[in-house]
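I have placed the structure first, in the form of structure tokens, so that the comments after it can refer back to it.
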Amino acid sequence: MNRERLDVRLPYARHTRGNFALVFVLVMLGCPSVIAATVDADIRLVLQITVDGLRADLLHRYNGGFSEGGFNDLPRRGTVYTNAHYQHANTETIVGHATLATGTFPSLHGLVGNVWFDREAGELAYNIEDPDSPLLPTRGDETAGDQVDPAQKRSRTHGRSPKALLAPTIGDGLAAYYGGRAKVFGVSGKDRSAVAMAGKTGKAFWFSTNTGDFVTSAYYYGSYPEWVAEWNGKRQAEGCAGKSWSLLNDASTYLLADQDDRPYEADLKGYGRVFPHPFGQADDKLFYTRILVSPAGDRLTLDFSKALISHEKLGQDDIPDYLSISLSGVDAVNHFFGPSSLENEDVVLQLDRALADLFAFIDKKIGLEHTLIVLSADHGMADMPEYLSELGYAVGRLEPDRLVAAANQVGQTFGIDEVVRFFYRPYLYLDDEEILAAKADRVEVERAIANALTELGGVELAAATSRLSAMGSNPLLDQVRNNHHSSRSGNIYVIQSPYWFLFEKGPVVAMHGSPWRYDTHVPLVFAAPGVEAQQVHRLVHPVDVAPTIAALLGMSPPASAQGTVLREVLRLK
Numbered sequence: 164m165n166r167e168r169l170d171v172r173l174p175y176a177r178h179t180r181g182n183f184a185l186v187f188v189l190v191m192l193g194c195p196s197v198i199a200a201t202v203d204a205d206i207r208l209v210l211q212i213t214v215d216g217l218r219a220d221l222l223h224r225y226n227g228g229f230s231e232g233g234f235n236d237l238p239r240r241g242t243v244y245t246n247a248h249y250q251h252a253n254t255e256t257i258v259g260h261a262t263l264a265t266g267t268f269p270s271l272h273g274l275v276g277n278v279w280f281d282r283e284a285g286e287l288a289y290n291i292e293d294p295d296s297p298l299l300p301t302r303g304d305e306t307a308g309d310q311v312d313p314a315q316k317r318s319r320t321h322g323r324s325p326k327a328l329l330a331p332t333i334g335d336g337l338a339a340y341y342g343g344r345a346k347v348f349g350v351s352g353k354d355r356s357a358v359a360m361a362g363k364t365g366k367a368f369w370f371s372t373n374t375g376d377f378v379t380s381a382y383y384y385g386s387y388p389e390w391v392a393e394w395n396g397k398r399q400a401e402g403c404a405g406k407s408w409s410l411l412n413d414a415s416t417y418l419l420a421d422q423d424d425r426p427y428e429a430d431l432k433g434y435g436r437v438f439p440h441p442f443g444q445a446d447d448k449l450f451y452t453r454i455l456v457s458p459a460g461d462r463l464t465l466d467f468s469k470a471l472i473s474h475e476k477l478g479q480d481d482i483p484d485y486l487s488i489s490l491s492g493v494d495a496v497n498h499f500f501g502p503s504s505l506e507n508e509d510v511v512l513q514l515d516r517a518l519a520d521l522f523a524f525i526d527k528k529i530g531l532e533h534t535l536i537v538l539s540a541d542h543g544m545a546d547m548p549e550y551l552s553e554l555g556y557a558v559g560r561l562e563p564d565r566l567v568a569a570a571n572q573v574g575q576t577f578g579i580d581e582v583v584r585f586f587y588r589p590y591l592y593l594d595d596e597e598i599l600a601a602k603a604d605r606v607e608v609e610r611a612i613a614n615a616l617t618e619l620g621g622v623e624l625a626a627a628t629s630r631l632s633a634m635g636s637n638p639l640l641d642q643v644r645n646n647h648h649s650s651r652s653g654n655i656y657v658i659q660s661p662y663w664f665l666f667e668k669g670p671v672v673a674m675h676g677s678p679w680r681y682d683t684h685v686p687l688v689f690a691a692p693g694v695e696a697q698q699v700h701r702l703v704h705p706v707d708v709a710p711t712i713a714a715l716l717g718m719s720p721p722a723s724a725q726g727t728v729l730r731e732v733l734r735l736k
């Protein structure tokens with residue numbers, strides 16, 4: 164039988180045995196047999212960059228303002244996927260990061276949202292909270308967190324760990340493959356982003372909006388490494404005191420120059436709606452939060468990451484190391500100013516310059532010829548409904564109180580005064596005890612509530628999660644199924660209509676979290692020696708990222724991975 168000849172680009176000579184195993188698996192799965200393989204690169208560092216909230220089309224929109232060495236450098240050195248979409252419904256930070264790290268859906272990795280209702284405890288659970296892993300204090304402060312997300316303020320403890328992550332990550336796989344000799348780190352402006360990407364075996368650091376330090380927890384260390392204490396001791400964030408976030412270029416050169424002062428943007432208590440945005444003084448309780456809502460937070464994250472690379476000696480031996488850097492500025496800016504704002508354009512342009520500096524540093528320290536760079540995002544972002552209303556869209560804001568009131572009204576027809584125990588987007592949690600006391604059929608109650616909510620303006624679909632397996636297949640329901648975990652998800656999943664805003668009350672003016680394309684569409688780039696410079700327009704998914712990294716390293720994919728190897732990266736035809 165004649166078989167098609169494949170030119171498979173495999174990473175490096177010392178992984179011949181692992182690559183043979185990969186090829187064997189591909190053959191057993193029905194792929195054409197492999198006649199030849201070539202060795203392209205000695206990969207010493209896997210650098211996974213996740214830009215929080217970077218909707219894929221923003222890179223095209225601002226392309227004319229990019230430098231040579233940042234975002235524009237990656238397509239010249241690797242494969243760009245223009246049609247990458249998440250397949251789960253709740254497009255939030257922890258969900259996307261965990262999916263990128265594990266190669267599986269939240270139905271298996273378990274992180275179904277930034278928070279979920281802990282039925283047993285009767286209160287919200289933050290996704291990485293862990294009372295057994297308290298934060299290591301810096302300057303006597305034992306609290307840290309991302310104050311941009313109101314949910315985190317309601318978490319029960321400031322302890323942090325990957326305890327709730329139910330699936331192994333690509334970093335975990337790398338550590339196991341090399342017998343614990345591979346170094347695995349996650350760094351971010353947000354705790355949940357760093358922790359999810361570091362996995363169970365790596366170490367995580369994140370920016371504290373309480374202290375301006377990069378912090379960690381007792382899960383990872385007994386005390387701070389000397390170099391971290393030294394970096395924090397420099398008080399670099401305080402260098403922004405009395406200064407402002409100003410435009411990188413002259414305002415007239417920006418595509419969105421006329422989108423600077425809009426009444427529906429948020430003023431973060433003195434931060435203002437127009438440039439320049441003053442950070443205030445270091446003793447202002449929102450000082451470090453404002454830094455995160457600007458290009459300055461990403462610059463600090465990248466500076467800390469460079470110090471980590473140097474002091475931890477990443478990429479300096481034959482064992483490949485892994486570093487995840489999750490950059491939070493774009494998402495934070497989007498929440499307060501929207502993704503079609505002058506602020507959004509400037510934070511992306513300034514991030515481009517910061518990435519160019521990072522790539523130059525890595526080239527000098529390790530060599531880009533020894534580095535695999537994977538760039539993506541954890542989710543996209545919807546434009547603000549007020550902005551879209553000006554353009555003629557029939558959209559608005561969907562208040563959670565309306566959903567709760569409508570559900571309770573249905574519950575009363577079953578003899579239940581208050582059937583809703585808790586609502587936190589996108590899940591409505593019902594009170595099982597009240598349903599039982601009323602001798603009502605829970606499935607029928609759920610069905611009736613879901614039907615009633617679906618009739619509300621601004622609600623596209625409400626689905627009773629107990630009936631997901633019995634409901635027919637359509638794209639929205641498939642995304643809800645991929646997001647469903649039996650012990651963490653609620654009874655009713657609420658999907659807002661396209662471009663409708665669904666969030667609890669607060670200063671956030673733009674939101675993600677829907678299954679619509681503007682929230683699922685993210686950039687996806689693999690850049691490394693031997694990876695062909697090309698654009699690929701077929702539909703792919705972020706669950707494919709971890710299996711593809713594993714294939715490039717000659718490893719098995721993470722145990723729970725449901726994605727497939729991206730054939731263009733390995734030149735599989």
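Take 164 as the starting number for the sequence shown in our numbering and just add one per residue.
Cβ atoms here follow ideal geometry from the backbone N, Cα and C, with glycine treated the same way.
Only a predicted model underlies this, so the values are computations on that prediction, with no experimental measurement involved.
- Note: I212 is bridge-paired with I488 and L538 in the DSSP secondary-structure output.
- If only uninterrupted beta strand (DSSP E) runs of at least 3 residues are considered, those enclosed by the region 323-361 are 347-351.
- Excluding the 5 residues flanking it on each side, R436 has same chain C-beta neighbours closer than 6 angstroms at D424, E428 and D430, in chain order.
- Leaving aside the five residues that flank I579 on each side, the residues in its chain whose CB is nearer than 7 angstroms to its CB run, in chain order, E597, I598, A601 and A603.
- Contact check for A327 and I291: beta-carbon distance about 6 angstroms, within the 8 angstroms limit, so the pair qualifies.
- Counting along the chain, G653 sits inside no alpha helix (DSSP H), nor does DSSP assign it H or E at all.
- The C-alpha of A400 is placed about 22 angstroms away from the C-alpha of S386.
- DSSP links E286 through a beta bridge to D281.
- Burial of V703 is indicated by the presence of at least 16 other C-beta atoms within 10 angstroms of its C-beta.
- In this structure, D215 sits away from S457, with a CB-CB distance that is not shorter than 8 angstroms.
- Distance check between A330 and each of T262, H498 and L287 places T262 closest, using alpha-carbon atoms only.
- Annotation: the region 631-716 contains the following complete segments of the alpha helix (DSSP H) (minimum length 4 residues), in chain order: 638-646, 680-683 and 708-715.
- Three or more beta-carbon pairs separated by less than 8 angstroms link the region 659-674 to the region 553-562, which places the two stretches in contact.
- For F467, the secondary structure class from DSSP, reduced to helix, strand or coil, is helix.
- L486 places its beta carbon less than 8 angstroms from that of L208.
- Fewer than three Cβ pairs drawn from the region 631-650 and the region 458-473 lie within less than 8 angstroms of each other, which leaves the two stretches out of contact.
- When beta bridges are read from the DSSP output, V622 appears opposite Q659.
- By the neighbour-count criterion, in which a residue is buried when 16 or more other Cβ atoms sit within 10 angstroms of its Cβ, S473 is exposed.
- Taking the C-beta atoms as reference points, R516 is found no nearer than 8 angstroms to G227.
- Bounds of the alpha helix (DSSP H) holding A600 are D595 to A600.
- Cβ neighbours of A519 within its own chain (closer than 6 angstroms, five residues either side excluded): S230, G232 and G233.
- Annotation for F450: the continuous alpha helix (DSSP H) segment containing it runs F450 to L455.
- Between the beta-carbon of V606 and that of V582 there is about 13 angstroms, and that puts the pair past the 8 angstroms contact cut.
- Runs of the beta strand (DSSP E) spanning 3 or more residues and lying entirely within the region 217-273 occur at 241-248, in chain order.
- Take L631, set aside five residues on each side of it, and the residues of its chain with a beta-carbon closer than 8 angstroms to its own are L640, V643, R644 and H647, in chain order.
- As a beta-bridge residue in DSSP terms, V378 pairs with W369.
- E389 and F377 have their C-alpha atoms roughly 13 angstroms apart.
- R323 sits buried, since 16 or more C-beta atoms from the chains shown fall within 10 Å of its C-beta.
- Counting C-beta pairs closer than 8 angstroms gives three or more between the region 341-357 and the region 248-260, which meets the contact rule.
- Pairing V708 with V537 gives a Cβ-Cβ distance under 8 angstroms.
- Residue range V583 to Y587 is occupied by the beta strand (DSSP E) that includes F586.
- Rounded to the nearest whole angstrom, the C-alpha separation of P710 and L465 is 26 angstroms.
- Closest option to I658, judged by alpha-carbon separation, among L619, Y384, R651 and H684: L619.
- Assignment of E731 by DSSP, reduced to helix, strand and coil, places it in the helix class.
- Under the three-pair Cβ rule at 8 angstroms, the region 364-374 does not count as touching the region 401-414.
- The three-state secondary structure of S415, taken from DSSP, is helix.
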